[in-house]
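Undergrad: I'd like to ask you about the structure that follows.
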Amino acid sequence: MTLLTMAEIVKVFPGVRALDGVDLSVEAGEVHCLLGQNGAGKSTLIKVLAGAHQPDEGVIEIDGEAVSFPNPVSATKRGIATIYQELDLVDGLSVTENIFLGHEKSSGGFVHRREMQAEARKLLEQLGHAEIPVGREVWRLSAAGKQIVSMARALSHDARLIVMDEPSAVLAADEVANLFRVIRGLTGRGVAVLYISHRLEEIREIGDRVTVLKDGRTVATGLPAKTTATVDLVSSMTGRRVEFAFPERPDAGSHDSEPEVLVVDGLTLDGSFSDVSFSVRAGEIVGLAGLVGSGRSEILETVYGARRPTSGQVRFGDKLMRAGSVTASVRQGMGLAPEERKSQALLLHDSVARNVSLASLRRFAKFGWMNRNRELAEAQEKTDALELRPSDISRTVSKLSGGNQQKAVLARWLLRGCKLLLLDEPTRGVDVGARAELYAVIRELADSGVAVVLVSSEVPEVLGLADRVLVLREGRVVFEADARELDEHRVLDLVMEAV
Amino acid sequence: MTEQVVVADPPPTRRGFSMRRMKDVQNLGLVAVLVLLAIAGTVTKPDQFLSTDNLILVLTLASIVGVITVGMTFVIIGGGIDLSVGAVVALSTVWATTKATQSYGIGGIIFCALAVGVGCGLVSGLLIAYGKLVAFIATIAMLASARGLAIQLSQGKTQVVNFQNQGLVDLGYKKSYILGIPPLVIIFVIVAILGWIVLNRTTFGRRTFAIGGNPEAARLAGINVKQHTLLLYVLSGLCCGIASVMLVILTSSGTSANGNLYELDAIAAVIIGGTLLSGGRGSLVGSVLGVLVFTLISVLFTLNNLPTAVQQIAKGAIIVVAVLVQRRASNERTSS
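One line per chain: the protein sequences are Y and G, in this order.
The first sequence stops at residue 519 when you use this note's numbering, and every number in between is there.
The second sequence stops at residue 650 when you use this note's numbering, and every number in between is there.
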């Protein structure tokens, strides 16, 4: 019996069509897997389903009846519970209080503690985890325990469809096995699970059917999870996407005579990555390919000094870098365009000009006194060079499109004049059309002698832009090769499954 | 022809202009409130309110909290808060007026007041920036201990400035007025102007906005956020030290009861001046206007023999209204 049908869902954010016609149908009692690369629209889709976003077009039906979810409560009422990756539990409250958060059993303002505790115990028992003490504060539980509590909360709402966003990302192997047992228990009672994961082997084990998203569209739906060939899944995830115009790349080996700008040796950060070694030459673009959680961003941030490594060294130019000092890194000539542009890179209230000059304030100052005309003139010069639009740099940076915000960040480092640029997902949230421009800018920077390290979940981007590619899986470099010798399928295979 | 001129005019300039206008409107609002209060004063007590003596009293009263407000503006724009200012003033005035300090003469008194202020700011700043204490907690701890130390040091007594240092106290008398303006007011004006320059024209000011607006972005752009945070509290402490000297001049004494609730007055002035309590945006001109508004209210109520209780209620209401109006303005800005 079809429990949920979503048809032709469209969701537009300023500058991006995050969902562009998604179809999905989930049967009662099945584990339906949602597969797609980063930016394919999975998160947006589950937010639409949870009532956190409202779709601009499309129909959602439950039991064949059209519904709309203007807010999260309305989705919960129709039996849809979402368990986000960052579990939204209140750490300071007990297990029981979390399970009944927002729908406490009470009369006259007084909660019925015993009744709720008994009920909570029953729910945990149903999930096979009667051992979790219902009175314990949630922060004392492990990640796996919190997940169980989240599921108990979902059940307390009589959820008929539980959406799980990468539940295994925070779990160890034996905990994953346990999670699967719980999921099977749920589906046995007719509850449907929408399971989102990057890991193909999990989808094979737990899934019934698979829907694949790419670029905000459904490209395949209802594929049998157990029997569909890996190559088919992978190719539908990547397919032939919009042809990006990648800038021309110098011949292989043309950087061999350039000096090594960055040498990373045996860099380890416990819990994130271990024994990572690589080097980047002047003018070279080195791409790091890997999934979320493979340690890509952490490696960049550690090289940059924003995190302190457990062991290993970073040599920059002829200097050994002091661990954990961003100020020193910037002074020596490193620049970072971080993954979360809005929260990590931009002063959203401030003008483009002030954002661009942020890393070079000293340059415009004599004894601390800023020469604002020179600041504006030079910031304008750099943003013009990058063709940032609109060209008026007195505008507030939050009003720019994603691509132009990224250009503002690049202009910051262009103005600073750095020797090594670390780019973390430079085209995330950037329109397809604007990407080509960014690619050209990045290549131009490299051609001018800047060494570039590029992190991206989009394999074609890494392959098209980088000179050399390092493939990461679970915090380790598993493969390194010239980008010209690799193709997308090969890299995806390396990224996703043990070889 | 006219049409061409319109086309040639780039829309961006208009945008920049309207941004600036928004900021002006906010300050204009405060100016309007000031004018209203002045009119109210003139109408209710025409002879007393408009007298030069009264105006000078208004400004002198405003000056001491005003200097503290300048430091507070920096701290709040930088994303912090300093609840210890009143207590630090108490400690500074007490320490600066002990027998031992006074024996070093006027220079000793001034140096001691400034050093105590800076020292307290340094301790708070270290705790916040490097000890990772929340500013609220660190400065409330400083509030408690500085006040306690002041009581301990003075043994609860009022320490009068002795005859040998009379020259300092004389600065508060009419004979020291420069062109009819008290030196205390001049100090405030100088501090406010310097503060405005530092905030708006130097790298220090720019970094203050940056770490208040987005500390992570500032850090990743290579700004030493910890060091700068420390400096902000030191600056606030320095302002407290200056205010303490002014208070000693005005009262010719030091006591542990000094500076009571100055933190509230200063924070309130900063907030109604349009600075975001969450940091990253703010204006020193607004803070100064905020101080003037509060002072004028006090004077007005005192002249009309209204109880201080009513005065407090009025202040509370003004804070709420000011913040509501500002939020409206900033919402309009973001949605436009």
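For glycine and all other residues, C-beta sits at the position ideal for the given N, C-alpha and C.
Is there a Cβ from chain G that is less than 8 Å from the Cβ of residue 370 of chain Y?
TA: Yes, because at least one Cβ of chain G sits closer than 8 Å to the Cβ of residue 370 of chain Y.
Undergrad: Using a Cβ-Cβ cut-off of 8 Å (strictly less than) and excluding sequence neighbours within five positions of residue 374 of chain G, which residues of its own chain qualify?
TA: If we look at residue 374 of chain G and ignore the five residues flanking it on each side, its Cβ neighbours are 496, 498, 499, 564.
Undergrad: Which residues, taken in chain order from the stretch 411-432 of chain G, show a beta carbon closer than 7 Å to some beta carbon of chain Y?
TA: So nothing in the stretch comes that close.
Undergrad: Which residues in chain Y sit within 8 Å of residue 515 of chain G, going by Cβ to Cβ distance?
TA: Chain Y residues near residue 515 of chain G: 389, 390, 392.
Undergrad: Closer than 8 Å by C-beta to residue 19 of chain Y: which residues in its own chain qualify, once you throw out the five before and the five after it? Chain order, please.
TA: Residue 19 of chain Y is absent from the structure shown; chain Y starts at 21 and stops at 519.
Undergrad: Is there a Cβ of chain G sitting closer than 8 Å to that of residue 281 of chain Y, yes or no?
TA: Closer than 8 Å: no.
Undergrad: Of all the CB atoms in chain Y, is at least one closer than 8 Å to the CB of residue 536 of chain G?
TA: Judged by the 8 Å Cβ criterion, residue 536 of chain G is in contact with chain Y.
Undergrad: Which bits of chain Y does residue 443 of chain G rub up against, with CB to CB less than 9 Å?
TA: Ordered by position in chain Y, no residue passes the 9 Å Cβ test against residue 443 of chain G, which lies about 14 Å from the chain.
Undergrad: Among Y:71, Y:133, Y:100, Y:99, which residue has its Cα nearest to the Cα of residue 531 of chain Y?
TA: This structure cannot settle anything about residue 531 of chain Y, because the visible part of chain Y is limited to 21 through 519.
Undergrad: Identify each residue in the stretch 345-360 of chain Y for which the Cβ-Cβ distance to at least one residue of chain G is less than 8 Å, and report them in chain order.
TA: For the stretch 345-360 of chain Y, which is checked against every Cβ of chain G, the residues closer than 8 Å are 346, 347, 349, 350, 351, 356, 358.
Undergrad: Any beta-carbon of chain C closer than 8 Å to the one on residue 594 of chain G?
TA: No chain C is present in this structure, whose protein chains are Y and G.
Undergrad: With which residues is residue 333 of chain Y paired in a DSSP beta bridge?
TA: Looking at the DSSP assignment, residue 333 of chain Y forms a beta bridge with Y:285.
Undergrad: Decide yes or no for the touch test of the stretch 389-406 of chain Y against the stretch 436-450 of chain Y: beta carbon pairs closer than 8 Å, at least 3 of them.
TA: No, because fewer than three Cβ pairs between the stretch 389-406 of chain Y and the stretch 436-450 of chain Y fall closer than 8 Å, the two stretches do not touch.
Undergrad: Would you mind reading off the limits of the alpha helix (DSSP H) that contains residue 194 of chain Y?
TA: Segment 193-208, the alpha helix (DSSP H) holding residue 194 of chain Y.
Undergrad: Looking at the unbroken beta strand (DSSP E) that takes in residue 404 of chain Y, where does it start and where does it end?
TA: It is not in any beta strand (DSSP E) - residue 404 of chain Y instead sits in the alpha helix (DSSP H) that spans 392-405.
Undergrad: Classify residue 466 of chain G: buried if its beta carbon has 16 or more other beta carbons within 10 angstroms, exposed otherwise.
TA: Counting Cβ neighbours within 10 Å, residue 466 of chain G comes out exposed, since fewer than 16 surround it.
Undergrad: Please report how far the alpha carbon of residue 287 of chain Y lies from the alpha carbon of residue 338 of chain Y, in whole angstroms.
TA: Approximately 18 Å, taken between the alpha carbons.
Undergrad: Please state whether DSSP places residue 473 of chain G in a helix, a strand or coil.
TA: It is a strand residue.
Undergrad: Taking all protein chains shown into account, do 16 or more other C-beta atoms lie within 10 angstroms of the C-beta of residue 503 of chain Y, making it buried, or fewer, making it exposed?
TA: Answer is buried; the Cβ neighbour count reaches 16.
Undergrad: Check whether the stretch 569-585 of chain G touches the stretch 377-391 of chain G, counting contact only when three or more Cβ pairs, one atom from each stretch, lie closer than 8 Å.
TA: At 8 Å Cβ cutoff, the stretches touch.
Undergrad: State the Cα-Cα distance for the pair residue 83 of chain Y and residue 70 of chain Y, rounded to the nearest angstrom.
TA: Taking the straight line from one Cα to the other gives about 17 Å.
Undergrad: Rounded to whole angstroms, how far is the Cβ of residue 172 of chain Y from the Cβ of residue 144 of chain Y, which I believe are closer than 8 Å?
TA: So it is a contact: roughly 6 Å between Cβ atoms.
Undergrad: May I have the straight-line CA-CA distance separating residue 524 of chain Y from residue 93 of chain Y, to the nearest angstrom?
TA: The question about residue 524 of chain Y has no answer here: the residues shown for chain Y are numbered 21 through 519.
Undergrad: Check the Cβ of residue 518 of chain G against every Cβ in chain Y and list those closer than 8 Å, keeping chain order.
TA: Chain Y residues near residue 518 of chain G: 388.
Undergrad: Taking the DSSP output, what are the residues bridged to residue 215 of chain Y?
TA: According to DSSP, residue 215 of chain Y bridges with Y:53, Y:184.
Undergrad: Once DSSP output is grouped into helix, strand and coil, what is the label at residue 364 of chain G?
TA: Here residue 364 of chain G sits in coil by DSSP.
Undergrad: Compare the C-beta of residue 342 of chain Y against all C-beta atoms of chain G and say whether one is closer than 8 Å.
TA: No, residue 342 of chain Y does not count as interfacial toward chain G.
Undergrad: Under 8 Å, with one C-beta from each stretch per pair, do the stretch 265-279 of chain Y and the stretch 432-439 of chain Y reach the 3-pair mark?
TA: Output reads no: the stretch 432-439 of chain Y does not touch the stretch 265-279 of chain Y.
Undergrad: Beta-carbon separation of residue 310 of chain Y and residue 515 of chain Y under 8 Å?
TA: Result yes, Cβ atoms of residue 310 of chain Y and residue 515 of chain Y sit closer than 8 Å.
Undergrad: Are the CB atoms of residue 464 of chain G and residue 570 of chain G nearer to each other than 8 Å?
TA: Yes, these two residues count as a Cβ contact at 8 Å.
Undergrad: Say whether chain G places a C-beta atom closer than 8 Å to the C-beta of residue 440 of chain Y.
TA: Answer no: the Cβ-Cβ gap between residue 440 of chain Y and chain G never drops below 8 Å.
Undergrad: What is the DSSP secondary structure of residue 359 of chain G, counted as helix, strand or coil?
TA: Coil.
Undergrad: Cβ of residue 326 of chain Y less than 8 Å from any chain G Cβ?
TA: Yes - at least one Cβ of chain G is within 8 Å of the one on residue 326 of chain Y.
Undergrad: Three or more C-beta pairs closer than 8 Å, one from the stretch 461-475 of chain Y and one from the stretch 243-254 of chain Y: is that the case here?
TA: Contact between the stretch 461-475 of chain Y and the stretch 243-254 of chain Y is absent, because fewer than three Cβ pairs lie under 8 Å.
Undergrad: Would you call the CB atoms of residue 62 of chain Y and residue 216 of chain Y closer than 8 Å?
TA: Yes; because the gap between Cβ atoms is below 8 Å, this pair is in contact.
Undergrad: Roughly how many whole angstroms lie between the Cα atoms of residue 189 of chain Y and residue 395 of chain Y?
TA: Cα to Cα, residue 189 of chain Y sits roughly 45 Å from residue 395 of chain Y.
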